[in-house]
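Residue numbers (this note's numbering), protein chains in the order written: chain A, 254 to 508; chain B, 254 to 508. Below is one structure, written out as structure tokens; the observations come after it.
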DNA sequence: CAGACCACTGTGGTCAGACCACAGCATACC
DNA sequence: GGTATGCTGTGGTCTGACCACAGTGGTCTG
């Protein structure tokens, strides 16, 4: 193990251990950087490197100034870190856009299937009001493609939110953010945005209808068509690639 | 937008832009920290904060010393960052263990269904040799629970790897790592490890058999039983919770 | 007395400089 | 020719300093 004696890891582990033990909870403020440095016996710069990581990962929010709202506060904003991670990995060719789309498909299919099953079970009331509202909002005339796509994303997130799984919500948000650039470029290359958006709206309604009728199989199929259809049209088709298991050298030397 | 004028963000954006434009690729070395700082007109500590983020996210590997292998190298090791992110979010109560398990279930079900479909299509040869080898390894007598669980994880990752989706591979690895602690504790509380491991092995063989016979539905069902069964037995049951969409305050103030 | 004003204080954000540990490389020495 | 040794470039860390900013509380003025 060798314990990785770098100072900033010590800080990270200290915060993680405080979180696990309950000494720190969402909403709490971390000690000032200078205090933390003195307590842990490291330099302030090492503390700052650890805090930077926590900030990007979405665990703390930092603010300058004085008063109760200043300093580093534990926040738990999972989506931010997921977006950053996926976006950078896509940029570094660690993740293929195609894989991102296929993963989104897998998650969203599971979400709507779960929702449909929950509607069937009827033991718990499924709250689809947010999704319905967004669908109405998307019918407003004169929406730009960017506005439409933003509402589209919120619609899909509303479904994930209704399923009550925060991990899937955050992951789907990150997956979508990470290919935001490609989606926008793809939208501009469509033959007719009006036709495509009309089709997307139709499919949205079909998905919601399948969920509300408790038909998990139909919901799955509709989602599949919806997502793979759009990306196929924008030349980012989520075809299943090289199943032969070719291995790229990822530069991992760790044991 | 306000552009967030912090210096380390500038560094991060510079690296990301270099990645997107192809000026940087996996295997390349970043300039030395001091050079990067001078080029971007920021202090070395700001550069270091950005590099620290990239390192935790799994995008660079840093090494001291001189020579070609020293410095910060672009590596693309997605799983590392995913593990760190999920683990910390679980620690901070941003993610519930239950949601982690449900997400793993959704992804793995999609993986085996994809594999079964690919076997059916037969256009591409599905390479399940790695999974088969791991299954054999797990039959060795005298494995400790920790050794068995490690092989178990590698078996599930081998399936994901066979599906060719690196995003799912990395995500599943992260999901599993993030609840490693709970899995180990759960294993110790089982009434009989011998019985449980025997059942897990049987289920593993069933999963592989369903995939090899091209039966996507059976593969899905078997995986569901395998994963939810284990976590139910270790009191971490992946029941579908509060579908009423209760909202926690996550401390997000961003617009 | 009420209000506006302002200096103080504590916080993160940044930089510059210094030193160390380490790994490769070139040179000198045997 | 082979080995030993010092040089050099790299990240890792610490210290100290300064800035910008936002509350806080006191002070001054009407």
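Using N, Cα and C, we set each Cβ at its ideal position, and we do this for glycine too. All values reported here derive from a predicted model rather than from experimental measurement.
I'd like to know if residue i contacts chain B, where contact means its C-beta is closer than 8 Å to some C-beta of that chain.
i: residue 418 of chain A; result: yes
i: residue 257 of chain A; result: no
i: residue 346 of chain A; result: yes
i: residue 482 of chain A; result: no
i: residue 363 of chain A; result: yes
i: residue 441 of chain A; result: no
i: residue 470 of chain A; result: no
i: residue 276 of chain A; result: no
i: residue 400 of chain A; result: no
i: residue 432 of chain A; result: no
i: residue 281 of chain A; result: no
i: residue 331 of chain A; result: yes
i: residue 289 of chain A; result: no
i: residue 266 of chain A; result: no
i: residue 406 of chain A; result: no
i: residue 453 of chain A; result: no
i: residue 413 of chain A; result: no
i: residue 341 of chain A; result: yes
What residue range is occupied by the uninterrupted beta strand (DSSP E) comprising residue i?
i: residue 324 of chain A; result: 324 to 327
i: residue 315 of chain A; result: 313 to 316
Residue range of the alpha helix (DSSP H) that residue i falls in?
i: residue 309 of chain A; result: 297 to 309
i: residue 379 of chain A; result: It is not in any alpha helix (DSSP H) - residue 379 of chain A carries neither H nor E in the DSSP assignment.
i: residue 487 of chain B; result: That residue, residue 487 of chain B, is in no alpha helix (DSSP H); it is neither H nor E in DSSP.
i: residue 281 of chain B; result: From DSSP, residue 281 of chain B is part of no alpha helix (DSSP H); its letter is neither H nor E.
i: residue 289 of chain B; result: 286 to 293
i: residue 392 of chain A; result: Element bounds for residue 392 of chain A: n/a, residue is neither H nor E.
i: residue 319 of chain B; result: First-last for residue 319 of chain B: undefined, no H or E at that position.
i: residue 333 of chain B; result: 331 to 344
i: residue 269 of chain A; result: 260 to 274
Examine chain A for any beta-carbon lying closer than 8 Å to the beta-carbon of residue i, and answer yes or no.
i: residue 312 of chain B; result: yes
i: residue 335 of chain B; result: yes
i: residue 384 of chain B; result: no
i: residue 249 of chain B; result: Shown here, chain B extends from 254 to 508; a query on residue 249 of chain B therefore has no answer.
i: residue 485 of chain B; result: no
i: residue 510 of chain B; result: No statement about residue 510 of chain B is possible, as the shown extent of chain B runs from 254 to 508 and does not include it.
i: residue 356 of chain B; result: yes
i: residue 359 of chain B; result: yes
i: residue 392 of chain B; result: no
i: residue 388 of chain B; result: no
i: residue 286 of chain B; result: no
i: residue 478 of chain B; result: no
Tell me, to the nearest whole angstrom, how far the beta carbon of residue i is from that of residue j; I am working on the premise that it is less than 8 Å.
i: residue 303 of chain B; j: residue 265 of chain B; result: 5 Å
i: residue 312 of chain B; j: residue 341 of chain A; result: 6 Å
i: residue 327 of chain A; j: residue 278 of chain A; result: 7 Å
i: residue 346 of chain B; j: residue 329 of chain A; result: 6 Å
i: residue 287 of chain A; j: residue 297 of chain A; result: 6 Å
i: residue 461 of chain B; j: residue 415 of chain B; result: Contact flag wrong, Cβ pair sits at about 11 Å.
i: residue 332 of chain B; j: residue 427 of chain B; result: 6 Å
i: residue 435 of chain A; j: residue 379 of chain A; result: Wrong, their Cβ atoms sit about 32 Å apart, outside the cutoff.
When you measure from the CB of residue i to every non-hydrogen atom of the ligand ZN, does any distance come out below 7 Å?
i: residue 368 of chain A; result: The ligand content of the structure shown is nil, which means the ligand ZN is not present either.
Worksheet item: If you measure beta-carbon to beta-carbon, which residues of the stretch 291 to 309 of chain A are closer than 7 Å to chain B?
Response: Here the close residues are 298, 301, 302, 305, 306 and 309.
Worksheet item: Of all the beta strand (DSSP E) runs that stay within the bounds of the stretch 411 to 476 of chain A, which reach a length of 3 or more residues?
Response: Qualifying beta strand (DSSP E) stretches: none in this window.
Worksheet entry | Members of the stretch 455 to 467 of chain A near chain B, C-beta cut-off 9 Å | Closer than 9 Å at the C-beta level to chain B, one finds no residue of the stretch 455 to 467 of chain A.
Discussion item. Tell me which residues of the stretch 318 to 329 of chain B have at least one Cβ-Cβ distance to chain A shorter than 9 Å, keeping chain order.
Written reply: Taken in chain order, the members of the stretch 318 to 329 of chain B whose beta-carbon sits within less than 9 Å of a beta-carbon on chain A are 326, 327, 328 and 329.
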